[in-house]
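Numbering (the numbering used here), first residue to last: -16 to 181.
Each residue gets a CB set at the ideal place from its N, CA and C atoms; glycine is no exception.
What you are looking at is a predicted structure, and each value in this text was computed from that prediction instead of being measured.
Take a look at the structure set out below.
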Ligand SMILES: [Zn+2]
Ligand SMILES: [Zn+2]
């Protein structure tokens, strides 16, 4: 049976304002970046989370580390893209009425943790019972940390459009004259640039 490692029992924190607890998880989350083309996780995601009971909320302080193996969009070589994320989220215990309604209408026992809104309309997480599942918070924040396009380094020179050689490894000797059809456009841009400077 698959275990959900990112679940923590927080019963001892509830009703105990000022109480803290910390948890550590190591979980394979490959599926979260499955839609990012060729990117995959080099190892399980490491998650440290510290919880503080602030009264009617639990404040969660996350420290997440992940190594993504990605393919550079310019030179096509694989490289490791390290991610270190620190963020906070708030968790609020869902009211018992919500729990009862869901059970009375015959639906499944509600999922451990879901998204909700607080009184001010801010997005927070709601949990039922004594367990919090941190996976959704980690998933959302990791996805936000992934770039639209992976580039192995800012100065990556990419591949020669003529012979396909990786130009980071040296020149190939091809003459890569700029396509002359673009030169009128470049003249326009040059003029605009000069005008903006004068
Ligand atoms: Zn590259
Ligand atoms: Zn070349």
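Nearest C-alpha to residue 49 among 61, 42 and 30: 30. Each of 143, 145, 146, 148, 155 and 157 has a C-beta closer than 6 Å to some heavy atom of ligand 2; these make up the full list, in chain order. If only uninterrupted alpha helix (DSSP H) runs of at least 4 residues are considered, those enclosed by the region 109 to 141 are 118 to 128. By the beta-carbon neighbour count (other beta carbons within 10 angstroms, threshold 16), residue 176 is exposed. Going by beta carbons, residue 34 and residue 4 fall inside the 9 Å limit. Those residues whose C-beta sits under 5 Å from the nearest heavy atom of ligand 1 are, from N- to C-terminal order along the chain, 55, 57, 58, 135 and 139. Taking a contact to require three or more Cβ pairs closer than 8 Å, the region 116 to 133 and the region 48 to 64 qualify as touching. Counting every other CB atom within 10 Å of its CB across the protein chains shown gives residue 146 a total below 16, marking it as exposed.
Of the candidates 150, 101, 39 and 128, the residue whose Cα lies closest to the Cα of residue -2 is 39. Excluding sequence positions up to five before and after residue 125, its CB lies within less than 8 Å of the CB of 12, 15, 16, 28, 47, 49, 66 and 68, all in the same chain and listed in chain order.
Taking the Cα positions, residue 128 is about 11 Å away from residue 121. Distance from the CA of residue 148 to the CA of residue 9, rounded to the nearest whole angstrom, comes to 39 Å. Shortest Cα-Cα distance from residue 72 to any of 62, 155 and 118 involves 118.
In this structure, DSSP gives residue 145 a state outside helix and strand, which the three-state scheme calls coil. Under the 10 Å beta carbon count, residue 36 is surrounded by 16 or more other beta carbons and is classified as buried. Judged by DSSP secondary structure, residue 0 falls outside any beta strand (DSSP E); it is assigned neither H nor E.
Ranking 142, 99 and 105 by CA distance to the CA of residue 60 puts 142 first. Restricting attention to 169, 62 and 114, the CA atom closest to the CA of residue 23 is found in 62.
Under the DSSP assignment, residue 152 falls outside any beta strand (DSSP E); it carries neither an H nor an E label.
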